[in-house]
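Notes to accompany the following structure.
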Amino acid sequence: MATATLPASSAKGTPMTKEEKKVIFASSLGTVFEWYDFYLYGTLAVIIGKQFFSALDPNSQVIFSLLAFAAGFIVRPFGALVFGRLGDMIGRKYTFLVTILIMGLSTFIVGILPTYSAIGVAAPIILIGLRLLQGLALGGEYGGAATYVAEHAPHGKRGAFTSWIQTTATLGLFLSLIVILGTRTAIGEEAFADWGWRIPFLVSIFLLAISVWIRLSMNESPAFKKMKEEGKTSKAPLTESFGQWKNLKIVILALVGLTMGQAVVWYTGQFYALFFLTGPLKVDGATANILIAVALLIGTPFFILFGSLSDKIGRKPIIMAGCLIAALTYFPLFRALTEAANPDLAKAQAASSVTVVADPKECSFQFNPTGVAKFTSSCDIAKQVLAANSVSYENVAGTGPAKIKIGDKEIESYSSKGLPADEAKAKDAAFKKATIDELRAHGYPAKADPAKMNKPMIIAILTLLVIYVTMVYGPIAAMLVEMFPTRIRYTSMSLPYHIGNGWFGGLLPATGLAIVAQTGNMYNGLWYPIIFATITFVVGMLFVKETKDVDIYAKD
Amino acid sequence: MWKIVVGFLVFAALAMWLLSKGGDVDISGEKHGIDVAPHAASSASNP
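Protein chains in written order, with my numbering: chain A, 1 to 556; chain B, 1 to 47.
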């Protein structure tokens, strides 16, 4: 095994060495894997649900839903603690190797796992177990990659080096598309739903083999190696990171002043924009996917651009500018997106007034991140139907069952609470038909008309949203690494990253939807990223210090 | 660097071509629950 270490102080202008390229490649491969999984579990969710969960009784489905939710929201930050601690105690290289092994094997095993029809309830239990395990490993992956690359990077190039890691989100998406769509095209829709969905999971073994092989040939990071040789490694990284105020306050600042805003800008630019196109704007899925993919293709090089720029002008001005510009421009940009993607909808919204008259006590805040909650009151049902049809409406207090007023027409909603399933279904169909017929009569389109779409404008807006993402995300890994000393770096940076991205980013879609349904305005979901990006901007500007010139060895 | 750029473009072009052939797939990332039936999927992802 090679033992050479990289010079940590290469001159700024020198090109990347072969060894440095290998470090970035090895680290990025793990995060490609992470993203590949992220998209697999999204794209194949319906098939997996059918194969593993649909035969379960409703109560068990709720439990499994909660466990799947926990895999993303609780286990990942916990994994950040577990593997962060290991990384700070035994080294980046081996921890990093363990995380990718667990992550890769968990993904691969899904590909050979018998379904519910073969082994009964053991199938969903094992599947959820694998997802929990994978979530745990994933919690340690990003922090490891960022730390490892940054500790190998020459001073003055950490932003440029670590920004490569961020491009893997796009690579993971494209890879998943190539494998999934390639398989589906090759074997046909039916065979794919039956057994072909396993192939994308099985293919991950190649990615794992390459990753492990490369990582085995890598050296320990120079910073950790030096610290270990001097006997200065932390004996209790968790206590040091979170039990001492001087470190804890930096962890909190990293979360509130950096990753929280970065996460919501990222989720808005990629996922909320996609949802907005296919949901409220009713653009067909295939077209929306291509528009997003083109925007990602154009925007992805900006990760490197802003990462490199952050080595020159600083991380903080770029990240803060990204948060501020995003917060200031989301409303006009998403309105422009409506005009470009579905001008008929924009016209209908401007022309007709819709009101929901309901008893306020009947109306819930429809926050449903796990998908298990049921909203059955007449107010909630009325608002769901309007929101699903992209109708902006006013709320007026009333009594009795909720009513929707569209122009002069009044449609009474219903409560499905306690109704037999058949009756609830019939009422649902009748209410939806009456409402939708009236909406169509007032010019609300069923679908976005492809002939009326201004595609260059849509791509320009989406690309701008992706560029915001690259501003906040490109320099973030370098900045997080530079905020903490080597002895607790892995632990300290992993937790705010996963809480920021997992909680603040991950809850964006569900919270956005609930705000839209509550307020009756399809743009109001944007308040969620705007508020958090603004908080990050204010806290970041006031309390987060610039780190680009920090000597990461200074406090060792 | 040019090799990376060309590789990325080829990779992206292939993904885009496959998307254009039959790209109505969900690329919104992993779900924070379980999809058990079409109606459940739509209620989780639509407003």
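Virtual Cβ for every residue (Gly too), placed ideally from N, Cα, C.
The structure displayed is predicted, hence computed values, not measured ones.
Asked	Found
Note down the Cα distance separating K405 of chain A from F73 of chain A, rounded to an integer number of angstroms.	40 Å
What did DSSP end up calling I411 of chain A once you bin it into helix, strand or coil?	strand
In terms of residue numbering, what span does the beta strand (DSSP E) encompassing V356 of chain A cover?	354-358
Taking only runs of the alpha helix (DSSP H) that begin and end inside the stretch 274-320 of chain A, which ones reach a length of at least 4 residues, in chain order?	285-299, 301-313
Which chain B residues sit within Cβ distance under 9 Å of I292 of chain A?	I27
Thinking C-alpha only, which one of A:T329, A:S413, A:I250 is nearest T547 of chain A?	A:I250
Just the Cα atoms here: how many angstroms apart are I515 of chain A and I214 of chain A?	46 Å
Per DSSP, K405 of chain A is paired with what?	A:T355, A:E410
Could you list which residues in chain B have their beta carbon closer than 8 Å to that of N289 of chain A, in chain order?	L19, G23, D24, V25, I27
For the alpha helix (DSSP H) containing V98 of chain A, name the first residue and the last one.	92-112
When the Cα atoms are used, what is the spatial distance from P114 of chain A to V121 of chain A?	11 Å
For A429 of chain A, would you say it is in contact with chain B, using Cβ-to-Cβ distances shorter than 7 Å as the test?	no
Does W17 of chain B pass the burial test, meaning 16 or more other C-beta atoms within 10 Å, or should it be called exposed?	exposed
May I ask you to list, following chain order, the residues of the stretch 1-15 of chain B that have a beta carbon less than 7 Å from some beta carbon of chain A?	F11, A12, L14, A15
Is the Cβ-Cβ distance between S390 of chain A and P529 of chain A less than 7 Å?	no
Going straight from the alpha carbon of K374 of chain A to that of Y148 of chain A, what length do you get?	45 Å
What span of residues does the alpha helix (DSSP H) with N389 of chain A cover, start to end?	Element bounds for N389 of chain A: n/a, residue is neither H nor E.
If Y272 of chain A sits next to L345 of chain A, beta carbons under 8 Å apart, how far is it from one beta carbon to the other, in whole angstroms?	Wrong, their Cβ atoms sit about 17 Å apart, outside the cutoff.
So, A382 of chain A versus I458 of chain A, is the Cβ gap smaller than 7 Å?	no
I need the straight-line Cα distance from I252 of chain A to G502 of chain A, nearest angstrom please.	15 Å
Would you list, in chain order, the members of the stretch 345-374 of chain A that have their beta-carbon closer than 8 Å to a beta-carbon of chain B?	N368, P369, T370, G371, V372
How would you label N59 of chain A, buried or exposed, when you count the other beta carbons within 10 angstroms and need 16 or more for buried?	exposed
Taking the alpha helix (DSSP H) that E229 of chain A falls in, what are its first and last residues?	222-229
For F334 of chain A, tell me which candidate among A:L526, A:F365, A:A477 has the shortest Cα-Cα distance.	A:L526
CB-CB under 7 Å to L86 of chain A, same chain, minus the five flanking residues each way: which ones, in chain order?	T95
Nearest by alpha-carbon distance to L14 of chain B: which of A:L171, A:P420, A:P496 is it?	A:L171
Note down, in chain order, each residue of its chain lying with its Cβ closer than 8 Å to the Cβ of I583 of chain A, except the 5 sequence neighbours on either side.	The displayed coordinates of chain A run from 1 to 556. Any statement about residue 583 of chain A would go beyond what the structure contains.
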